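4 protein chains.
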Amino acid sequence: MNNKIRTDLALEVRESFPEDDVEIKGVILTENYDEENDIRVSTVVIKDERGAKAMQKPIGTYITIEAPEIDKSSENNHKAVTEEIARQLRKLAGDLKGEEVLVVGLGNREVTPDALGPQVVDNLFVTRHLIKEYGTDFKEKHHLGNVSAISPGVMAQTGMETVEIIKGIIKETQPKLVIVIDALAARSIHRVNTTIQLTDTGISPGSGIGNNRKALNEESLGIKVIALGCPTVVDAATIVSDTLTSYMEHSGFDETDIDKFISEVREQQIDNMFVTPKNIDESIKRISDTVSEALNTCFAQAV
Amino acid sequence: MNNKIRTDLALEVRESFPEDDVEIKGVILTENYDEENDIRVSTVVIKDERGAKAMQKPIGTYITIEAPEIDKSSENNHKAVTEEIARQLRKLAGDLKGEEVLVVGLGNREVTPDALGPQVVDNLFVTRHLIKEYGTDFKEKHHLGNVSAISPGVMAQTGMETVEIIKGIIKETQPKLVIVIDALAARSIHRVNTTIQLTDTGISPGSGIGNNRKALNEESLGIKVIALGCPTVVDAATIVSDTLTSYMEHSGFDETDIDKFISEVREQQIDNMFVTPKNIDESIKRISDTVSEALNTCFAQAV
Amino acid sequence: MNNKIRTDLALEVRESFPEDDVEIKGVILTENYDEENDIRVSTVVIKDERGAKAMQKPIGTYITIEAPEIDKSSENNHKAVTEEIARQLRKLAGDLKGEEVLVVGLGNREVTPDALGPQVVDNLFVTRHLIKEYGTDFKEKHHLGNVSAISPGVMAQTGMETVEIIKGIIKETQPKLVIVIDALAARSIHRVNTTIQLTDTGISPGSGIGNNRKALNEESLGIKVIALGCPTVVDAATIVSDTLTSYMEHSGFDETDIDKFISEVREQQIDNMFVTPKNIDESIKRISDTVSEALNTCFAQAV
Amino acid sequence: MNNKIRTDLALEVRESFPEDDVEIKGVILTENYDEENDIRVSTVVIKDERGAKAMQKPIGTYITIEAPEIDKSSENNHKAVTEEIARQLRKLAGDLKGEEVLVVGLGNREVTPDALGPQVVDNLFVTRHLIKEYGTDFKEKHHLGNVSAISPGVMAQTGMETVEIIKGIIKETQPKLVIVIDALAARSIHRVNTTIQLTDTGISPGSGIGNNRKALNEESLGIKVIALGCPTVVDAATIVSDTLTSYMEHSGFDETDIDKFISEVREQQIDNMFVTPKNIDESIKRISDTVSEALNTCFAQAV
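Chains as they are written, first to last, in the working numbering: chain D, 7 to 309; chain Y, 7 to 309; chain X, 7 to 309; chain A, 7 to 309.
Given below as structure tokens:
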């Protein structure tokens, strides 16, 4: 049944396996819970091809930060979440030593739940041009990271694959690391706007809210790629089939009936629809503030 | 079962009754189909309290223009749709004779599917101030209608009920007619971004995508109120329960089981979620262009 | 020569008088300088009609906060400026005791230097609807002020005078105080984006960047009106005539020649033009963040 | 005196020469006036290095379309202007035969007068991805040009030179022609928002509203580059010095005095300021509509 799951979160794929299958071969899950700030950090490591096949995700590390309050106006744990994101990002990025980083804000700024990437880029402290102009002394005096950034837009706006645009820019500007920011699709509504996923595997086709674009990863771009995403939508077909599956399992239907229903749902018009909360504008604003603050902190300390 | 329906379209409420109940007492349905332009106009008239109770909508006229191509880039029938909207609007508004009209763009401009009202207002040809300054001769020479407009924002942004804001403005500026533009919720996905509803009953609580605000109608505002809306979302709970109900009915479940399931779905977190297409930005842009063009035409001819 | 000045800042009007005329009858100027944070607070009090005539501004108090770093990315004195604005605002507003405040964001959100008001409102913590719904206990428990807000748009967008819109809303919602936020025109370029003016006299016709609208003050609205503004532009005619006047005075021209030149400049097409810095988007973003933070602080403490 | 001029319009440079110097060596000026539609087309051809030095612009063709009504709401000559732009564009571009075109919208979408390029790109009919997916038959059936587009943002937002970004993208996507859309600076206020300049020389450093970026032209990008621009601002220093120069010449000052004054003006703070009309939002909206319509027409006919 796992191949019916539609989620960008490795953690949700892992959860879809039976509870007693705690040790899927080739996949390691570790968890940490900060009770004071209500922040849970789960790390899924896919070690080999066997794990990749089971998880249907590339080999690599997937860190999930769950912080239910991340999109709330209360500022109780805002600082704690920001610092946790920066800490996990440094873990994946290694010591940047002030080397050049290109941040790419994926998504369509005109569609609210897809605007996370562009809004994070809007709030970044971009410095590459300043360092080019004023030199290394200026950089060190002001503790600047070396940051460039772009929000290229989606294929319906540009007519180009994002990977074509980014590959071209990288060849010209020669950064050492790419960080890709994107809105993701979760399977469960309660993960929407409460979760950050970081991974060193980049972005694979069909991620985000379903646009068909080619991978952005170390293989395609030639340098290390870290993807930072937050689920802001659930696929409409997923929400319908999950709700009914849960009901049908509970009511004692057999698997054949359930599969038949699911395939019927999939044939309907909801294939290009997504589900998102009514106050998505406020959530996107708060989460993009938090993520950009985490990035700015991380780069400044990376000098 | 009708009380489980969540739709702003009178036509969908009418359709929810059994097919053989063609003549609900107190409700009259007439239809016209323009085959050349693929435009269907359905008029639901709720004549009396009996009809209002059956339909759970106020007494009045509800005109639905269905034009599947309204949000497409092809311009084939763009002019035909624009003229049809203007024609139906004049039917409801009567002869304006150049009298003052206030257009209100409801909704949140920061949430794409809710931005229809503000975007229509952005494209309106507003003239009231020009007529105040240059006089009646100027107005007649340039064939101007007398138009003012406002996009007040939603309650989460203003802290005020929309009816408080609009009532106050009407008292000061004394228009003869209010036209309220709003994004609606449909029950069926195929009505999203393909349908325009016009009604002389205004907007009732719980309309739009679910914000709890008081009615905007002749009773509350003291002058005639026409509402023009386009469904841009489906309530997430509605899509789940409708899909499953349809499956369960088809599979021979009895009504008690279905009701039990529906109430379970309602209790879940999807209560404040909506479903919308991925390319909602393009649809909203095209529909708001069409509606504002219809309004501008209608006002100019109303001199 | 004073009637040739085009500025919204009382401080600049005061400065336009000869230096030895330190004690204009009816006008009192006091100054305070916080050296550590480089914040200068000047208070101009116009006591009577004689002062009002000399200054060509209504009787009342005008507080100017000069903080050269307010639009810079450095956060050195961000907190100090925010607190100074909140402190001066409380001085003018008196003890709010949790009473209702309506904040009005004037200006056109589509024109960058005029978008200050709307952007401040976008960042406000609006609470009136929450208190209506959850009651006084909720308000006190969460230390909430009672805040409503609106950005009505400019007359070219609405066809209505702002005073008509706000007067109507006030009658319906009955706030105790109105705070109007607006982008202003300064005379000197070095005051642009570095200065905040607070006044208990509201907004007078011809303020802002020159839209002809009627006054928003206690007389027109019936309740106390505080205006908080920041100069973001200089009138183009002012910059030309000031630059030349300065040169001509310096070069020994007599006043007749200068007056003749000024009137020629005024006749040219630059009458509806303004001057603004190239990075105005960044400045507006930072200043609106600072002002909204000051307002949010002030309201929260006003409970 | 020519080196004091600050304008992106070749026509204005040409006009700055004495009237009797009708035949500057190496520069040819031809004019056409369409009286019915009030559209004037002037073509400046810089033939050789001598002309380039005199004009301080690269060798090439500069076509200026002056249409005073282009930013007005009246639609009188809207179609005529659109067709004129398309006609002149085809003259410079040659027969595209359906080959790939990349449109680049320069400028900062957050600063109203600088948002022309991004807004034109927003309205373009982008097709490259459709042709990649559905093939040549689809392209020919629907009479599609092959169009991709990007609005990269300005250096303060990206940290990168625009030329780096575009050069990289071109290497990956291999278009045959680049069309660069940009907001320009004029010398005379009456050219602002009334003029379109097309040139086959691309964009040179210091164009637009003064950002220091490297050239976008055939030499730097390796393929043909057409720049289409519209002046939306006047440099603040230019407006001051031009107004005063005109007055001083008129009043019989000698050139030394004038030069001294100009250099004093240049030293002041107005160096990073621009002048723009108050209703710049409406003008930008109308001009970007017109330009994008001209481009869409041109590409569709280029199949």
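Glycine residues also receive a C-beta, built at the ideal position from the N, C-alpha and C atoms.
Here the structure is a predicted model, which is why all the values come from computation and not from measurement.
Under 8 Å between C-beta atoms of residue i and residue j
{"i": "residue 242(Y)", "j": "residue 279(Y)", "result": "yes"}
{"i": "residue 165(Y)", "j": "residue 134(X)", "result": "yes"}
{"i": "residue 250(D)", "j": "residue 250(Y)", "result": "yes"}
{"i": "residue 208(A)", "j": "residue 155(A)", "result": "no"}
{"i": "residue 202(D)", "j": "residue 238(D)", "result": "no"}
{"i": "residue 287(X)", "j": "residue 118(X)", "result": "yes"}
{"i": "residue 137(X)", "j": "residue 90(X)", "result": "no"}
{"i": "residue 48(X)", "j": "residue 37(X)", "result": "yes"}
{"i": "residue 186(Y)", "j": "residue 132(Y)", "result": "no"}
{"i": "residue 151(Y)", "j": "residue 98(Y)", "result": "no"}
{"i": "residue 178(D)", "j": "residue 57(A)", "result": "no"}
{"i": "residue 261(D)", "j": "residue 88(D)", "result": "no"}
{"i": "residue 72(D)", "j": "residue 282(D)", "result": "no"}
Of the residues the options, the one placed nearest residue i, counting alpha carbons only
{"i": "residue 161(Y)", "options": "159(X), 153(X), 102(X)", "result": "153(X)"}
{"i": "residue 69(A)", "options": "31(A), 238(A), 35(A), 180(A)", "result": "35(A)"}
{"i": "residue 14(D)", "options": "288(D), 259(D), 260(D), 190(D)", "result": "190(D)"}
{"i": "residue 206(D)", "options": "20(D), 87(D), 94(D), 56(D)", "result": "94(D)"}
{"i": "residue 59(Y)", "options": "40(Y), 78(Y), 83(Y), 33(Y)", "result": "33(Y)"}
{"i": "residue 170(Y)", "options": "176(X), 170(X), 169(X)", "result": "176(X)"}
{"i": "residue 62(X)", "options": "49(X), 149(X), 45(X), 17(X)", "result": "17(X)"}
{"i": "residue 168(D)", "options": "221(D), 150(D), 129(D), 53(D)", "result": "221(D)"}
{"i": "residue 248(X)", "options": "192(X), 200(X), 292(X)", "result": "192(X)"}
{"i": "residue 53(Y)", "options": "66(Y), 45(Y), 47(Y)", "result": "66(Y)"}
{"i": "residue 127(D)", "options": "113(D), 140(D), 137(D)", "result": "113(D)"}
{"i": "residue 292(A)", "options": "269(A), 267(A), 236(A), 262(A)", "result": "236(A)"}
{"i": "residue 55(Y)", "options": "78(Y), 75(Y), 120(Y), 30(Y)", "result": "30(Y)"}
C-alpha gap between residue i and residue j, whole angstroms
{"i": "residue 104(Y)", "j": "residue 188(X)", "result": "34 Å"}
{"i": "residue 198(X)", "j": "residue 100(A)", "result": "48 Å"}
{"i": "residue 218(Y)", "j": "residue 244(X)", "result": "For residue 218(Y), the pLDDT reaches just 41, beneath the cut-off of 50, and the residue's location in the model is therefore unreliable, although a value from the coordinates is still provided. Near 49 Å, if we compare the C-alpha coordinates of residue 244(X) and residue 218(Y)."}
{"i": "residue 194(Y)", "j": "residue 240(Y)", "result": "7 Å"}
{"i": "residue 172(D)", "j": "residue 303(X)", "result": "43 Å"}
{"i": "residue 43(D)", "j": "residue 83(D)", "result": "6 Å"}
{"i": "residue 305(D)", "j": "residue 184(D)", "result": "13 Å"}
{"i": "residue 216(X)", "j": "residue 285(A)", "result": "Its pLDDT being 41, under 50, residue 216(X) is placed unreliably in this model, and the value from its coordinates should be taken loosely. Straight-line Cα distance between these residues: approximately 11 Å."}
{"i": "residue 123(Y)", "j": "residue 129(Y)", "result": "10 Å"}
{"i": "residue 23(A)", "j": "residue 258(A)", "result": "20 Å"}
{"i": "residue 109(A)", "j": "residue 182(D)", "result": "29 Å"}
{"i": "residue 294(D)", "j": "residue 125(D)", "result": "6 Å"}
{"i": "residue 139(A)", "j": "residue 145(A)", "result": "10 Å"}
{"i": "residue 301(D)", "j": "residue 180(D)", "result": "20 Å"}
Identified DSSP bridge partners for residue i
{"i": "residue 140(Y)", "result": "BP columns for residue 140(Y) are empty, so no partner."}
{"i": "residue 230(Y)", "result": "183(Y)"}
{"i": "residue 68(D)", "result": "50(D), 205(D)"}
{"i": "residue 283(X)", "result": "279(A)"}
{"i": "residue 38(Y)", "result": "47(Y)"}
{"i": "residue 236(A)", "result": "189(A)"}
{"i": "residue 108(Y)", "result": "154(Y), 184(Y)"}
{"i": "residue 33(X)", "result": "52(X)"}
Open item on the list: If the cut-off is 7 Å on Cβ atoms, which residues from the stretch 115-137 of chain D count as contacting chain A, listed in chain order?
Closed with: Identification of residues in the stretch 115-137 of chain D having a C-beta nearer than 7 Å to some C-beta of chain A yields 132, 133, 134, 135, given in sequence order.
Task: Cβ-based contacts, 9 Å cut-off: residues of the stretch 147-170 of chain Y near chain X - done: Listed by position along the chain: 152, 153, 154, 155, 156, 157, 158, 159, 161, 162, 163, 164, 165, 166, 167, 169, 170.
Open item on the list: If the cut-off is 8 Å on Cβ atoms, which residues from the stretch 21-53 of chain Y count as contacting chain D, listed in chain order?
Closed with: none
Open item on the list: Using a Cβ-Cβ cutoff of 8 Å, what residues of the stretch 278-290 of chain D are near chain Y? List them in chain order.
Closed with: Hits within the stretch, in order: 278, 279, 280, 281, 282, 283, 284, 285, 286, 287, 288.
Open item on the list: Along the stretch 170-188 of chain Y, where does the CB come closer than 9 Å to a CB of chain X? Name the residues.
Closed with: 170, 171, 172, 173, 174, 175, 176, 177, 178, 179
Task: Residues of the stretch 233-251 of chain D whose Cβ lies closer than 7 Å to any Cβ of chain Y, in chain order - done: 242, 245, 246, 249, 250
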